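A.B. asks:
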Amino acid sequence: MDAVKVTEHGGIEELEYGAVPDPEPAPDEVLVDIKAGALNHLDIWVRRGLPGLDLDLPHVPGSDAAGLVESVGEDVTQYESGDRVALSAGVSCGECEFCRDGEASLCETFHIIGEHVTGVHGEYAAIPAENLIRVPDHVDWETAGSATLVFQTAWRMLIERAELKAGETVLVLGASGGVGHAALQIADYAGAEIYATGSSAEKLEYAREHGADHVCNYEEENFADWIHDETDGRGVDVVVEHVGEPTWRDSIKSLAKGGRLVTCGGTAGGAPETDINRIFWNQLNILGSTMATPGEVDDVMELVWDGTFEPAIRDVLPMSDAARAHEMLQDREGFGKVVVKPDSELD
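What follows is the structure, given as structure tokens:
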């Protein structure tokens, strides 16, 4: 079959689209005929190479996809040929103390399809049955193939970890990006007053259309100073942080006393300087969050399937244009998800 391949860690020139061995499902796996997938910043990190990430190259990336069940392994009973399914990429053991407590994303062996093991940006993928969710007939492949990773991440960040409540205030950084645009909609659903940042008038207009009450162009003004002025010096209850080094100190500065900063990563740097004095004096909470539990995935995806939440899609490209898709994402062109489809689906 044909698939996207990372041939060596580095720039976009290390991406190819071509023949790889056909996947052979294990007894607990399902062979899925991929109809659409989508990129996340995770795909850029995997391509560039992450400390401690030891992959067999070439590596097929991709942590978002949806398609039709082609066949099932001998131990799989919940799916059959022709079922519509989407990937939820976090893999847990089901047996460790965290899994037994219902916290699958804290699993001792937790890993992500497309990052630590072969991904799904190809014509077919062999996926553990436990990592699939059903897709209703009325949902298009572009939506089904682009929503699961960012919406589960943002849902756990805001609803489970930060415990966002109606009437609270929340700052969403990069509100037009993958996690940002999901967090924007979830915060609005939760009844929060939303402050959002973006880098252009178009992105800020998108943020307003999807729930933001106040917007700031971070290219033109410091967002921490803006939050101070907008809230009469109080700050916000919650900050959704996923940028890292360039924004970390200002994110902490934007919090009200007793506020919560919740982070799922550092797309622009993972080792920022911090302000310990402000953290202890204002009794701030710094919360990490990774992916979601199966139950949380079910909860948020039901709201995607019924149209309450909607993944923004900036473009749909053939997988043979994976380099262009990576370029759009890393250069922050437009807003929302970049969808990729196997070239055979576009013939």
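When you read off a place in the sequence shown, starting at 1, and then add 23, the result is the number in the numbering used here. C-beta: ideal position from N, C-alpha, C; glycine also. Since we're looking at a predicted model, the values are computed, not measured.
#1: Quick check: what's the CA-CA separation for LEU54 versus ALA148?
#2: When we look at the beta-carbon of PHE303 and count the other beta-carbons within 10 Å, is it buried (16 or more) or exposed?
#3: Apply the 10 Å Cβ neighbour rule to GLN306 and answer buried if 16 or more other Cβ atoms are within range, or exposed otherwise.
#4: Applying the criterion that 16 or more other CB atoms from any shown protein chain within 10 Å of the CB defines a buried residue, is CYS122 buried or exposed?
#5: Take ALA185 as the anchor and find which of VAL285, PRO84, GLU131 and GLY318 has the nearest alpha-carbon.
#6: Could you have a look at THR220 and say whether DSSP puts it in helix, strand or coil?
#7: Pull up the DSSP beta-bridge partners for ASP56, would you.
#8: What whole-angstrom Cβ distance do VAL262 and LEU278 have, given they're in contact under 8 Å?
#9: Am I right that GLY90 and LYS58 are in contact with their C-beta atoms under 8 Å? What's the rounded C-beta distance?
#10: Work out the CA separation of PRO84 and THR290 for me, nearest whole Å.
#11: Please state the DSSP three-state secondary structure of GLU264.
#12: What are the complete alpha helix (DSSP H) segments, minimum 4 residues, inside the segment 235-322?
#13: Should ILE336 be labelled buried (16 or more other beta-carbon atoms within 10 Å of its own) or exposed?
#14: Might you give, ordered along the chain, the residues of its own chain that have their beta carbon closer than 7 Å to the beta carbon of ILE67, omitting 5 neighbours on each side?
#15: Check the DSSP bridge columns for ILE156 and list the partner residues they point to.
#16: Please state whether the Cβ-Cβ distance between HIS82 and GLY113 is less than 9 Å.
#17: What residues match up with VAL162 in a beta bridge as DSSP calls it?
#18: Assuming ASN240 and GLY221 make a contact with CB atoms under 8 Å, what is their CB distance in whole Å?
#19: Inspect the CB distances between the segment 159-175 and the segment 199-211 and report whether three or more fall short of 8 Å.
#20: How would you write the range of the alpha helix (DSSP H) that ASP366 sits in, first residue to last?
#21: If you follow the alpha helix (DSSP H) that ILE209 is part of, which residue opens it and which one closes it?
#22: Taking contact to mean 3 or more Cβ pairs, one atom from each stretch, closer than 8 Å, check whether the segment 138-158 and the segment 188-195 are in contact.
#23: Sort PRO74, ASP51 and THR132 by Cα distance to GLN101 and report the nearest one.
#24: Output the boundary residues of the alpha helix (DSSP H) element that contains LEU196.
#25: Going by other Cβ atoms of all chains shown within 10 Å of its Cβ, with 16 needed for buried, is ASP87 buried or exposed?
#26: In the structure shown, what three-state DSSP assignment does ASP344 receive?
#27: Whole angstroms is fine: what's the gap from GLU296's alpha carbon to ALA230's?
#28: How far does the alpha helix (DSSP H) with LEU65 in it extend, from its first residue to its last?
#29: GLU103 by DSSP, collapsed to three states: which one?
#30: When you compare only the Cα positions, how much space is there between HIS237 and TYR218?
#31: Going straight from the alpha carbon of GLU120 to that of THR316, what length do you get?
#32: Would you kindly work out how many angstroms separate the C-alpha atoms of GLN156 and GLY292, rounded to a whole number?
#33: Which residue marks the beginning of the beta strand (DSSP E) containing LEU38, and which one marks its end?
#34: Can you tell me where the beta strand (DSSP E) with VAL27 in it begins and where it stops?
#35: Bridge partners of ALA336, per DSSP?
C.D. replies: For this structure:
#1: Taking the straight line from one Cα to the other gives about 6 Å.
#2: exposed
#3: exposed
#4: buried
#5: VAL285
#6: strand
#7: DSSP, once it has assigned bridges, lists LEU91 and TYR147 as partnering ASP56.
#8: 6 Å
#9: 4 Å
#10: 17 Å
#11: strand
#12: Those alpha helix (DSSP H) runs which fall completely within the segment 235-322 and span 4+ residues are 246-253, 271-276 and 299-304.
#13: buried
#14: Answer for ILE67: HIS349, LEU352 and GLN353, listed in chain order.
#15: ILE156 is bridged to ALA109.
#16: no
#17: DSSP output for VAL162 lists no bridge partner at all.
#18: 6 Å
#19: Segments in contact, yes.
#20: 366-369
#21: 201-213
#22: no
#23: It is ASP51 whose Cα lies nearest to the Cα of GLN101.
#24: Taken as a continuous stretch (DSSP letters only), LEU196 belongs to no alpha helix (DSSP H), as it is neither H nor E.
#25: buried
#26: DSSP places ASP344 in the helix class (H, G or I) of the three-state scheme.
#27: 29 Å
#28: 64-71
#29: coil
#30: 5 Å
#31: 14 Å
#32: A quick correction: the sequence has Ile, not Gln, at residue 156. Whole-angstrom Cα-Cα distance: 32 Å.
#33: 38-42
#34: Run containing VAL27: 25-29, per the beta strand (DSSP E) assignment.
#35: Before going on, a small fix: residue 336 reads as Ile here, not Ala. According to DSSP, which records beta bridges pairwise, ILE336 is partnered with LYS360.
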